[in-house]
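Chains as they are written, first to last, in this note's numbering: chain A, -18 to 155; chain B, 23 to 576.
No residue lacks a Cβ here, since even glycine has one placed at the ideal position from N, Cα and C.
Below: one structure, written as structure tokens.
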Amino acid sequence: MTLIDYRNENPMVTDDAWTHVAEDAALPTDRPATLSLQRWKAAREELYGRNLSLGVRLESHERVEEILPDLPRLALIALDFPNLNDGRHFTTARLLRERYGFHGKIRATGQVLRDQIDPMRRCGFNEFELAENKDTASAITAFDEISVVYQPAADAQPTAAQLRHRQSGPTMAG
Amino acid sequence: MYKYDHLDNTLVRERAAQFRGQVARRISGELSEDEFKPLRLRNGLYLQLHSYMLRVAIPYGLLSSSQMRALARIARRYDRGYGHFTTRQNIQFNWVSLENTAEILDDLAAVEMHAIQTSGNCIRNTTTDQFAGVAADEIEDPRPWAEIIRQWSTLHPEFSFLPRKFKIAINGAPNDRAAIAVHDIGLSMLRGPNGETGFTVWVGGGLGRTPMLAKPIRDFLPGADLLSYLEAILRVFNIEGRRDNLYKSRIKILVSALGIDRFRDLVEAEWAHIRDSALRLEGREIARIRARFALPPYDANVDSGPFAAKRFEDAAFARWSAANLFPHKQPGHAAVTVSLKPVGGIPGDMTADRMDALADLADEYSHGEIRVTHRQNLVLAHVRQDRLFDLWRALDSLELATPNLMRVTDIIACPGLDFCGLATARSIPVAQRLSARLAEIDERHDLGELTINISGCINSCAHHHVAHIGILGLEKAGAESYQVTLGGSSAKDASIGKIIGRGFGADEIVAAIETIIVTWLELRHDGERFLDSLRRVGQTPFRDALYGQDSRTE
Ligand code: SF4
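Rendered as structure tokens:
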């Protein structure tokens, strides 16, 4: 399976090195793997010290606050989008980046269309598994469609207001 | 008014190009209709009963004359020669084709306009007082703040897929002309102890199936913190709001489920994290935007003598002046409401020819500026009193001078079953028949301020709950049935109307409203408003008149 890897501000299509381990399947020993939140919570102690990259999958109603102490151990968090209308994980990603200081990969999974991946990127996602039958290769141009942003987010892009006043130092409202 | 800089321009052009790509992918079949729907909606494109409809954003209702001319060109080229102004101060084109939408968006972008977020589960057009900037009772012009909100909410990456649509209204005067109590967030401006700009913040108002008035969440929010506080509310809503049921996904349901105190605690806790972030507004950006709303140069020495004389000479002009003028903060000037409610007409509709003609009048009389009101009328906000008579004559010849603002023929109606795919009944023909009938009664009895709003389904786009007389078109056993509510208001004395009784058929509803008005006239004190009489006597006399005393249940 291929995915879009937005690394160092540079999107590319890559083969997926990760395995999403099903609820009752055995953990692979040679590949990085993600677990459901349930399974992670049950197995987190016994997985301690395991020399393998691990990740957790969160469904759209599951909260990242449940795994805050585990974040330093996790290399990837996969946030699932069951449909186009459920945008909760846009917030989750921003909190991971901006509040909880998570530096690992944040991956979007589920019903992901090219039309969402640029706002997702702005919220802190950097890997994108597109929905089935969607053309991953052509989707990487989606990041170039809108060049101006009005609001700060998890990305480093200066906002329109910041660009407008770039010449001089900041002042606060009086 | 706000003028785009190259950044604003770039964004709107890029968004138009992006949508062109989305349309092309739909036409090629790469996108299914299910996938395309949320994408087209967030760019204002609806599939109605007979055609696509494109809703164009008019941020806080403000238009230049050249933008109005562009709307006229679009109406001619891509629609059937007219457009429809909505209760959210936007305009809809009811007869566009999917293939043309990309071109329309390019035409709009050329005059700094777009259709971004005019529908869909995202932050919609921020609305405000149509007299912003010129109202004599104003604390501060809310439009720069509405523009600040527009920019922040435009393509907001985190809040593009909310549980449900989200509407913000802002009012700058003690008198509420923006109906803030029925919005997801309502902002009313005030001054802090040191004269600084701030807002009282209200949350959780809305109409629809479960009408509710907004509750106060913060008494004083400093201006610089506006965006961080809005972001905190939206973030709590995005995470906590329900997504399992369309009718329970608005923020009003969340606020009432948690209780305003618990909701406030969540928002304040979130706000504490982000208050001192880059969302904090810098004084120079506020100043930059404010400067773009500078008022036009007024003549300080307008002689209002001719205005008084003409009113004395011409009864029709006097009547129009009494109904459709609004006091201006600049002596010798007035804000003029241009009625889009001719007797028996379709509320809010305007032909391309009239759009062009009005654009010319705006240039000649009102510094080239036009405003759209949430009552589906237009406003020329800067007219010299000594030129009012000439303007009135010009408007009258265009049939745009019906003297009926806030009166019984100033009916607000949604498109209803004539266009809307969600409708359960027609609303436009009811509005037309009512208007024709009630104009006669008003002529004889001077009914004063009396608002009537008609929605074609429970989504309540015409805000019937907050009309003095509200009409909701439902479907009962295959036939239209119109439910009547009495006693709503969206002004400072906001209230939700109460249902009077069983509904009326399409052939009964006009007579029923007439019965209500005739009943009222019998018990009205001299010059009393319908709403005040109703609050004085209650619903019983009206119920008795409609259903007979035998039907009393109390
Ligand atoms: S109230 Fe109902 S019928 Fe009227 S425009 Fe809204 S959704 Fe359509």
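Within the continuous beta strand (DSSP E) that includes E114(B), where are the two ends?
Start at 1 with the first residue of the second sequence, and residue 114(B) comes out as number 92. It should be noted that the sequence gives Gln, not Glu, for residue 114(B). DSSP places Q114(B) in the uninterrupted beta strand (DSSP E) bounded by I113 to V118.
Closest residue to I261(B) among L33(A), I127(A) and A74(A) (Cα-Cα distance)
The residue you call residue 261(B) lines up with position 239 of the second sequence. Taking only the C-alpha atoms, the option nearest I261(B) is A74(A).
Taking S449(B) as the reference, which of L427(B), L243(B), G305(B) and C479(B) has the closest Cα?
Here residue 449(B) is taken as the residue at index 427 of the second sequence, counted from 1. Nearest neighbour of S449(B) by Cα position, chosen from L427(B), L243(B), G305(B) and C479(B), turns out to be C479(B).
Reference L347(B), options G366(B), P437(B) and A157(B), closest by Cα:
Taking the second sequence and counting its residues from 1, one reaches residue 347(B) at position 325. Looking only at G366(B), P437(B) and A157(B), the smallest Cα-Cα distance to L347(B) is reached by A157(B).
Would you please state the rounded distance, in angstroms, between the beta carbons of G495(B) and L69(B)? I believe it to be under 8 Å.
Within the second sequence, the letter at position 473 stands for residue 495(B). Within the second sequence, the letter at position 47 stands for residue 69(B). Between the beta-carbon of G495(B) and that of L69(B) there is about 21 Å, and that puts the pair past the 8 Å contact cut.
Pairs of beta-carbons, one from the region 62 to 78 of chain A and one from the region 176 to 188 of chain B, closer than 8 Å: are there three or more?
By the Cβ test, the region 62 to 78 of chain A is in contact with the region 176 to 188 of chain B, since at least three Cβ pairs between them sit closer than 8 Å.
Compile a chain-ordered list of the residues in the region 290 to 315 of chain B whose CB is closer than 8 Å to at least one CB of chain A.
Taking 8 Å as the upper bound on Cβ-Cβ separation, chain A lies near residues H295, S299, A300, L301, R302, L303, E304, G305, R306, E307, I308 and R310 of the region 290 to 315 of chain B.
Within the chosen definition, does the region 429 to 437 of chain B reach the region 379 to 390 of chain B through at least 3 CB pairs nearer than 8 Å?
The count of Cβ pairs closer than 8 Å, one atom from the region 429 to 437 of chain B and one from the region 379 to 390 of chain B, stays below three, leaving the stretches out of contact.
Identify, in the order they occur along the chain, each residue of the same chain with its Cβ nearer than 7 Å to the Cβ of G103(B), setting aside the five sequence neighbours on each side.
In the second sequence, counting from the first residue as 1, residue 103(B) sits at position 81. Cβ contact annotation for G103(B) (same chain, cutoff 7 Å, sequence separation greater than five): A97, T373 and A374, in chain order.
Pull up the DSSP beta-bridge partners for Y24(B), would you.
As a working note, residue 24(B) is residue 2 in the second sequence. Y24(B) pairs with nothing; no bridge assigned.
Suppose the cutoff is 7 Å on Cβ atoms and the five residues either side in sequence are ignored; what does the same chain contact list for F339(B) look like?
Translated into the one-based positions of the second sequence, residue 339(B) becomes position 317. In chain order, K332, R333, F411 and W414 place their CB closer than 7 Å to the CB of F339(B), counting only its own chain and leaving out the 5 sequence neighbours on each side.
Length of the line joining the Cα atoms of H485(B) and G492(B):
Within the second sequence, numbered from 1, the residue matching residue 485(B) stands at position 463. Within the second sequence, numbered from 1, the residue matching residue 492(B) stands at position 470. Whole-angstrom Cα-Cα distance: 8 Å.
Helix, strand or coil: which one does DSSP assign to L33(B)?
Counted from its first residue, the second sequence places residue 33(B) at position 11. It is helical.
Going along chain A in order, which residues have a C-beta closer than 9 Å to the C-beta of I275(B)?
Start at 1 with the first residue of the second sequence, and residue 275(B) comes out as number 253. The premise fails here: I275(B) is roughly 16 Å from chain A at the closest Cβ pair, so nothing lies under 9 Å.
heavy atom of the ligand SF4 below 7 Å from G367(B) C-beta
Along the second sequence, read from residue 1 onward, the residue named residue 367(B) stands at position 345. Flag unset: Cβ of G367(B) not near the ligand SF4.
Cβ-based burial, T152(A) [other Cβ within 10 Å; buried from 16]:
The residue given as residue 152(A) occupies position 171 in the first sequence. The predicted position of T152(A) is uncertain, since its pLDDT is 47 and thus under 50; a value taken from the coordinates is nonetheless stated next. So T152(A) ends up on the exposed side.
Out of curiosity, what's the CA-to-CA distance linking Q571(B) and T507(B)?
Residue 571(B) sits at position 549 when you count from the first residue of the second sequence. Residue 507(B) sits at position 485 when you count from the first residue of the second sequence. Whole-angstrom Cα-Cα distance: 19 Å.
Is the Cβ of E126(A) closer than 8 Å to any Cβ of chain B?
For the purposes of this step, residue 126(A) is taken as the residue at position 145 of the first sequence. True, the Cβ-Cβ gap to chain B drops below 8 Å.
Would the beta-carbon of N122(B) be found less than 7 Å away from any heavy atom of the ligand SF4?
Walking along the second sequence from the start, residue 122(B) turns up at place 100. Distances taken from the Cβ of N122(B) to the heavy atoms of the ligand SF4 include none shorter than 7 Å.
Closer than 7 Å: is that where the CB of C104(A) sits relative to any heavy atom of the ligand SF4?
The count along the first sequence starts at 1 and reaches residue 104(A) at position 123. No, the beta carbon of C104(A) sits no closer than 7 Å to any heavy atom of the ligand SF4.
Is any heavy atom of the ligand SF4 found at a distance shorter than 7 Å from the C-beta of N481(B)?
For the purposes of this step, residue 481(B) is taken as residue 459 along the second sequence, with counting starting at 1. Yes, Cβ of N481(B) sits closer than 7 Å to a heavy atom of the ligand SF4.
Mind checking whether the beta-carbon of P100(A) lies closer than 7 Å to any heavy atom of the ligand SF4?
Reading the first sequence from its first residue, position 119 is the one you call residue 100(A). Because no heavy atom of the ligand SF4 lies under 7 Å away, the Cβ of P100(A) does not count as near it: no.
Under a three-way DSSP split, which group does A74(A) fall into?
For the purposes of this step, residue 74(A) is identified with residue 93 of the first sequence, where counting begins at 1. A74(A) falls in the helix class under three-state DSSP.
Any beta carbon of chain B sitting closer than 8 Å to that of F109(A)?
Start at 1 with the first residue of the first sequence, and residue 109(A) comes out as number 128. The beta carbon of F109(A) sits no closer than 8 Å to any beta carbon of chain B.
Would you say S182(B) reaches chain A, if we count a Cβ-Cβ gap shorter than 8 Å as a contact?
Counted from its first residue, the second sequence places residue 182(B) at position 160. At a cut-off of 8 Å, the C-beta of S182(B) has a neighbouring C-beta in chain A.
Hey, is F71(A)'s beta-carbon within less than 8 Å of any beta-carbon in chain B?
For the purposes of this step, residue 71(A) is identified with residue 90 of the first sequence, where counting begins at 1. Yes, contact with chain B.
For L(-4)(A), which residues does DSSP report across the bridge?
In the first sequence, the residue the question calls residue -4(A) occupies position 15. Reading the sequence as shown, one finds Asp at residue -4(A) and not Leu. In DSSP, D(-4)(A) forms a bridge with T(-17)(A).
Using a Cβ-based criterion (distance less than 7 Å to any ligand heavy atom), does A201(B) qualify as near the ligand SF4?
By 1-based counting over the second sequence, the position of residue 201(B) is 179. A201(B) Cβ: outside cutoff for every heavy atom of the ligand SF4.
In whole angstroms, what is the alpha-carbon distance linking W542(B) and R455(B)?
Counting from one through the second sequence, the residue named residue 542(B) turns up at place 520. Counting from one through the second sequence, the residue named residue 455(B) turns up at place 433. W542(B) and R455(B) have their C-alpha atoms spaced approximately 20 Å apart.
Assuming the contact rule is C-beta atoms closer than 8 Å, I521(B) and G510(B) should be a hit. Round their C-beta distance to whole Å, please.
As a first step, residue 521(B) must be located in the second sequence, where it is residue number 499. As a first step, residue 510(B) must be located in the second sequence, where it is residue number 488. 11 Å between Cβ atoms; not a contact.
Measuring only between beta-carbons, confirm whether R62(B) sits less than 8 Å from chain A.
Locating residue 62(B) in the second sequence gives position 40, counting from the first residue. So, not an interface residue.
Within the region 8 to 93 of chain A, note down every full alpha helix (DSSP H) run reaching 4 residues or more, in order along the chain.
Qualifying alpha helix (DSSP H) stretches, in chain order: 18 to 24 and 69 to 75.
When DSSP labels each residue in this structure, what does G527(B) get in the three-state scheme?
Locating residue 527(B) in the second sequence gives position 505, counting from the first residue. Assignment of G527(B) by DSSP, reduced to helix, strand and coil, places it in the strand class.
At a cut-off of 7 Å, would you count P437(B) as near the ligand SF4, judging by its Cβ distance to the nearest heavy atom?
Residue numbering aside, residue 437(B) sits at position 415 when the second sequence is read from its first letter. At least one heavy atom of the ligand SF4 is nearer than 7 Å to the Cβ of P437(B), so yes.
Shorter than 8 Å from the beta carbon of W174(B) to some beta carbon of chain A?
What you label residue 174(B) is simply residue 152 of the second sequence in a count that begins at 1. The beta carbon of W174(B) falls within 8 Å of a beta carbon belonging to chain A, placing the residue at that interface.
Taking E391(B) as the reference, which of R110(B), Q152(B), G105(B) and T108(B) has the closest Cα?
Position 369 of the second sequence, counted from the first residue, corresponds to residue 391(B). Closest option to E391(B), Cα to Cα, is Q152(B).
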